[in-house]
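Inspection log for the structure reproduced underneath, given as structure tokens.
Residue numbers (my numbering): 58 to 190.
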């Protein structure tokens, strides 16, 4: 298996190919909720982007180690989902984007069995989409 350390001098790219076809409007159970597949996919990808950004934070700021491309394929062909006109976007560009946030309520079970409700705002860099064949 190939492995290399990701640094500023040895950057990498994350490429995400997402199904945005009409079949993604079908409902599934995800996280205890019934929602369309496209919504579940958006939640998963946005959490991944959150995690990638989190892992690049340092005391001196945000390290720019990689670019991200998220492309959707469906009835309209293939199109970039994170930016217009170019498939790749840098982490600093992603952080500067003005995106929608949505409040999510989470129930956490503590070691002693108590349930605690918390809520957090999640950013939506990728919007749910389901159209075409």
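Quick reminder that beta carbons are idealized off the backbone N, C-alpha and C, glycines included.
Sheet register partners of residue i (DSSP bridge)
| i | result |
| --- | --- |
| residue 177 | 161 |
| residue 84 | 93 |
| residue 76 | 130 |
| residue 154 | None; residue 154 has no bridge partner. |
| residue 136 | 129 |
| residue 119 | 114 |
| residue 69 | 123 |
| residue 147 | 124 |
Best match in the options for proximity to residue i [C-alpha to C-alpha]
| i | options | result |
| --- | --- | --- |
| residue 124 | 155, 184, 185, 150 | 150 |
| residue 78 | 128, 169, 173 | 128 |
| residue 108 | 152, 167, 60 | 152 |
| residue 101 | 76, 58, 62 | 76 |
Sequence-distant residues of its chain with Cβ nearer than 8 Å to residue i (five each side left out)
| i | result |
| --- | --- |
| residue 143 | 137 |
| residue 70 | 123, 124, 125, 126, 145 |
| residue 167 | 173 |
| residue 132 | 78, 79, 188, 189, 190 |
Own chain, CB closer than 6 Å to residue i, minus 5 neighbours either side, in chain order
| i | result |
| --- | --- |
| residue 81 | 94, 95, 187 |
| residue 135 | 128 |
| residue 106 | 182 |
Residues near residue i in its chain [Cβ-Cβ closer than 7 Å; skip 5 each side]
| i | result |
| --- | --- |
| residue 113 | 119, 120, 122, 148 |
| residue 65 | 120, 121, 122 |
| residue 175 | 163, 165 |
| residue 10 | Outside the displayed range of the chain (58 to 190) lies residue 10, so it cannot be described from this structure. |
For residue j and residue i, believed in contact at Cβ under 8 Å, the rounded distance
| i | j | result |
| --- | --- | --- |
| residue 161 | residue 177 | 6 Å |
| residue 85 | residue 97 | 6 Å |
| residue 179 | residue 103 | 6 Å |
| residue 130 | residue 74 | 7 Å |
Neighbour flag for residue i against chain D, beta carbons, 8 Å
| i | result |
| --- | --- |
| residue 161 | Here chain D cannot be found, since the structure has a single protein chain. |
> Is the segment 153–161 touching the segment 178–186, taking contact as three or more C-beta pairs under 8 Å?
Replying inline: Under the Cβ criterion (8 Å, minimum of three pairs), the segment 153–161 counts as touching the segment 178–186.
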